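To keep things clear, I will list the structure first and then write my remarks on it.
In the working numbering, the protein residues as written are 35 to 242.
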C-alpha cells in the first residue's frame, strides 16, 4: 500500500462520523423516495432529464465511449462540487445525498408497479450494483467531506459569537484543507473505475 493510499484511508477514518452521517442521509433519501408521494412529481423531472441524456448518448456515433465520458464527467464534477460547496454550512452535500437516495427509492417504486417488488429489486441489483458498489460509497465520501467542511464553518461562527480564540480550529481547518486535494483525487479514481464498469459491464449484465 503506497503513501497516498494510506493517507486517503486515514482521512476517511478521521471523518468516520461524517461518513456514517452521509450513509444515514442517503438511506433516509431512499426511504423518502419510496414512501413520500409528494416528492414523486419533482423526481419525475429528474428521471426525465436522465432519459433525455441517455437518448442522446444512444444516438451518438460511439455510444459506449460517449456513455463513459458523460458518466465520468458528471460524477466527478458533482463530487468535487459537493466537497467544496460543503463550506456553505453543509446544506448542498446534505441535499445531494437526500435527492440521490430519493431517486433510487423512486426508481424502485416505479419498477415495482410494473414488475412487482421482487423482480424490481433484482433488476435494480443488476443495473446498479456492479458500478454502484463503488460509485455510491464514493459519492457518500465526497458528501461526507463536504459536510465536515461545513462543520468547521459552524464551529467558527460559534467561536466568533462567543468571542473565543479560533487558533485550534484554524489548525484543524488547515489539516483538513491540505487533505482535500488528495480526497478529491482518490474519489475521482473511484468514480473512474465505476464509470468504466457502468459503461461496459453493467450494460452487458442487463443484456443477459
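Note that the Cβ used here is the ideal one computed from N, Cα and C, for glycine as well.
Here the structure is a predicted model, which means the values were calculated and not measured.
Write down the C-beta distance between residue i and residue j rounded to the nearest angstrom, noting that I regard them as a contact closer than 8 Å.
i, j, result
"residue 109", "residue 60", "That belief does not hold up - the Cβ atoms of residue 109 and residue 60 are roughly 15 Å apart, past 8 Å."
"residue 239", "residue 164", "6 Å"
"residue 101", "residue 91", "5 Å"
"residue 195", "residue 123", "Incorrect: roughly 14 Å between the Cβ atoms, too far for contact."
"residue 174", "residue 63", "Actually they do not touch by this definition, with Cβ atoms about 11 Å apart."
"residue 130", "residue 177", "6 Å"
"residue 98", "residue 241", "Rounded, the Cβ-Cβ distance is 13 Å, inconsistent with contact."
"residue 306", "residue 236", "The structure shown does not extend to residue 306, since the chain spans only 35 to 242, so no value can be given for it."
Would residue i and residue j qualify as a contact pair, given that the criterion is a beta-carbon distance under 9 Å?
i, j, result
"residue 169", "residue 111", "no"
"residue 68", "residue 142", "yes"
"residue 166", "residue 88", "no"
"residue 117", "residue 214", "yes"
"residue 136", "residue 193", "no"
"residue 65", "residue 120", "no"
"residue 159", "residue 146", "no"
"residue 211", "residue 172", "no"
Using the three-state DSSP reduction, which class does residue i fall into: helix, strand or coil?
i, result
"residue 155", "helix"
"residue 180", "helix"
"residue 114", "helix"
"residue 49", "coil"
"residue 206", "helix"
"residue 160", "helix"
"residue 40", "helix"
"residue 145", "helix"
"residue 86", "helix"
"residue 95", "coil"
"residue 122", "coil"
"residue 242", "coil"
"residue 189", "helix"
"residue 63", "helix"
"residue 199", "coil"
"residue 150", "coil"
"residue 108", "helix"
"residue 70", "coil"
I want to check one thing, is the minimum distance from the CB of residue i to the heavy atoms of the ligand COA below 8 Å?
i, result
"residue 197", "For the ligand COA, the structure offers nothing, since it holds no ligand at all."
Segment contact flag, the region 174–187 with the region 38–51, C-beta cutoff 8 Å, min 3 pairs: yes
Meets three-Cβ-pair contact criterion under 8 Å: the region 216–224 and the region 35–47: yes
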